[in-house]
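Here's the structure we're looking at; comments come further down.
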Amino acid sequence: DSLTLVRTQNLASPLPEAVDLNRAVELLQQVQDQLQLLNKDQAGELYQVQRLRELLYRISTPEEM
């Protein structure tokens, strides 16, 4: 019967480990810091792409006399 199987599996599985909340906070802070750095890098790349587009437009557009 499936209920017996589930109970047997639950009894055989290792006990859950206690959660270290201090370590969890540290890991969360690390992830948030990395996301901020990534966002800054992406913003810098976007600025460079926009700047290149602007320069290409200026080069490809004939100057008015």
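Each residue of the sequence shown is one higher than the one before, counting from 99 in my numbering. All C-beta atoms, glycine included, are put in the ideal place defined by N, C-alpha and C.
From which residue to which residue does the alpha helix (DSSP H) around residue i run?
i: V147; result: L119 to S158
i: S100; result: S100 to A110
State buried or exposed for residue i, treating a residue as buried only when at least 16 other CB atoms are found within 10 Å of its CB.
i: L109; result: exposed
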